[in-house]
Ligand code: ZN
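In the working numbering, the protein residues as written are 100 to 596.
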C-alpha cells in the first residue's frame with residue numbers, strides 16, 4: 100500500500116472510533132437511562148483510549164513525515180496532513196502520566212465547581228482551580244508558544260490566534276460597545292416584549308423547532324432533533340449530523356433560537372463534501388468559524404426582520420395566538436438588550452463583553468499575572484466596568500461557566516470571534532446578493548444557505564480561519580463590521596437618533 104493509501108486507511112480507523120464516540124456521547128445526553136452510566140463509562144473510556152492511541156501512533160508519525168515532504172498532494176490532502184500533524188505533535192508533547200494526572204484532577208475540579216456553584220462559595224472550587232490553571236500553564240509550555248503562554252492554548256481552538264491579535268480585536272471593540280450599551284440603556288426605548296410572553300407547551304414548541312430547522316433547510320434525512328439539558332450539535336458521521344435542543348415553558352425564544360443556533364452548526368457539517376469527512380477536515384476551519392455559522396443562522400438570519408416576515412405565518416400556524424402579531428412586533432420583541440449576569444442568556448450587544456472579560460482574565464491567570472484568589476474580585480470589577488452591573492454572588496458571577504473546571508482554557512474567545520466572523524461574512528453575503536432581504540422575506544432562505552455552502556461549508560477545514568476570511572471577504576478579521584451591525588440595528592430598534 101502506498102503512503103497516501105495507508106494514511107487514508109489510518110484516518111478511516113480514526114473516523115470509525117470518532118463516530119462511535121460521538122454516537123454514544125449523543126445517546127448519553129439524550130436517551131440513556133440513568134443507570135446505564137456504569138458500563139457506558141467503561142465503553143467511553145476504552146474507545147477514547149483507542150482513539151488517542153491512533154492519534155499518536157508511531158505508524159501515523161512515519162506516514163506524516165513522508166506526506167509532509169510530498170509535493171504531489173492535493174490542497175485538501177495537504178490541509179489534512181497539516182491538521183493531523185499538528186494534533187499528533189500536540190498530543191505527543193504531553194507526557195502520558197501528566198495527562199492521566201490532569202484528568203483525575205479535572206474530575207475532582209468539576210465536582211468541586213458544581214458544589215461551589217450550588218452553594219455560591221468560591222472557596223470550595225479555589226484550590227482545584229489553582230491546580231487546573233497550573234496544568235493549563237504546564238500544557239502551554241509543552242505545546243510551545245512565542246510570546247504568551249495563552250497563545251499555546253488558543254492554538255487548539257483558533258489556529259493562528261494570539262494574545263496580541265486578541266488584544267487588537269478586544270480593545271477597539273470594547274471602546275465602542277461599552278458606551279453604546281450605556282447609551283441604549285439610558286436614551287433608548289426598550290422594545291415591547293409582551294408579544295412573546297406567555298406559556299407555551301413543550302410538545303408544540305418541539306414542532307416549532309422542527310419547522311424552524313426545516314425553514315433553514317436543515318436536512319432531516321441526514322440529521323435528527325432530540326431533547327437534552329444542555330443543547331449541542333454533533334456530527335456522528337458524514338450524512339448524520341444531529342441537533343439537540345431544550346425548551347422552557349415560559350420562554351418560547353429559548354427553544355426557537357436554540358434550535359436555530361444548533362441548526363447553524365449542523366448546517367456547516369451537512370454542507371461539506373464527503374472527502375473532507377474522510378480527511379478529518381469536517382470539523383470546520385476553527386471553533387470560532389463554527390460559531391460564526393450558528394450565529395449566522397441564529398442572529399443574522401433568525402433575529403432579522405426579513406426572516407420574521409417569512410416566519411410569522413409559520414409561527415402562527417403552530418401557535419395560533421400569534422395570528423395577529425405583526426412581523427415587526429416580533430422582530431422588536433426578540434431583540435431586547437439587557438445587561439445580565441449570565442453569559443448564555445446574553446443578547447447580541449452584551450454577549451461579546453461577557454467573552455472579553457473571560458478571555459482577559461483567563462490569559463492573565465495562565466500567565467501568572469492574576470492569582471486565583473483575586474479572581475472573583477476582578478470578575479466583579481470587570482462586570483461593573485463593561486456591563487454596569489455587579490453580580491450579587493459568585494454563582495451568578497465567576498462560578499457560572501463549566502470551562503475552567505474541565506480544562507477548556509483558550510476556548511472562550513471562539514464565541515466572540517464567531518460573532519465577529521458572522522458579521523463580516525454577512526456584509527459580503529449581502530454584497531454578493533443585493534436583494535437577499537427581499538428573497539428571505541419571500542421565503543427563499545435557500546439563497547443564503549447556498550451562499551454559506553459555496554463560500555464556507557464546502558471548504559470545511561481546508562483553510563485556516565484567517566485565510567478563509569481573506570478569501571471570502573477580501574480582508575482579515577475586522578471587528579468594525581460587527582460594531583456597525585449592532586449600532587445600526589439596535590439604534591433603530593431602540594429609537595436612537
Ligand atoms: Zn455554538
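The beta carbon of each residue, even a glycine, is placed where N, CA and C say it ideally should be.
Since we're looking at a predicted model, the values are computed, not measured.
- Less than 8 Å divides the Cβ of residue 322 from the Cβ of residue 369.
- At least one heavy atom of the ligand ZN lies less than 7 Å from the C-beta of residue 390.
- Nearest C-alpha to residue 218 among 311, 433, 112, 497: 497.
- DSSP places residue 441 in the coil class of the three-state scheme, outside both helix and strand.
- Around the CB of residue 111, fewer than 16 other CB atoms lie within 10 Å, so the residue is classed as exposed.
- Contact check for residue 376 and residue 392: beta-carbon distance about 16 Å, past the 8 Å limit, so the pair fails to qualify.
- With contacts defined as CB atoms closer than 8 Å, residue 345 and residue 357 qualify as a contacting pair.
- Short of 7 Å from the beta carbon of residue 432, and not among the five residues preceding or following it, lie these beta carbons of its own chain, in chain order: 290, 291, 292, 294, 295.
- The nearest non-hydrogen atom of the ligand ZN is less than 7 Å from the C-beta of residue 393.
- Distance between residue 453 and residue 175, taken at the CA atoms: about 36 Å.
- The criterion of a C-beta distance shorter than 8 Å is not satisfied by residue 443 and residue 585.
- Closest by C-alpha distance to residue 523, out of 121, 490, 570, is 570.
- One Cα belongs to residue 205, the other to residue 505, and the distance between them is close to 6 Å.
- Residue 158 and residue 191 have their alpha carbons spaced roughly 13 Å apart.
- One thing to note: residue 422 has its Cβ no nearer than 8 Å to the Cβ of residue 428.
- Cβ neighbours of residue 209 within its own chain (closer than 7 Å, five residues either side excluded): 504, 505.
- If you keep only unbroken alpha helix (DSSP H) runs of at least 4 residues inside the stretch 449 to 477, you get 450 to 466.
- A distance criterion of 7 Å places the beta-carbon of residue 502 beyond contact range of the ligand ZN, judged by its closest non-hydrogen atom.
- For secondary structure counted as the alpha helix (DSSP H) over 4 or more consecutive residues, the stretch 355 to 405 holds these complete runs in sequence order: 373 to 377, 386 to 394.
- In the DSSP annotation of this structure, residue 295 is not part of any alpha helix (DSSP H), being labelled neither H nor E.
- CA-CA distance, residue 252 to residue 512, rounds to 11 Å.
- Rounded to whole angstroms, the gap between the alpha carbons of residue 333 and residue 479 is 34 Å.
- Rounded to the nearest whole angstrom, the CA to CA distance from residue 220 to residue 440 is 17 Å.
- If the five residues before and after residue 151 are omitted, its C-beta is found closer than 8 Å to the C-beta atoms of 190, all from its own chain and listed in chain order.
- CA-to-CA, the gap between residue 382 and residue 126 works out to about 20 Å.
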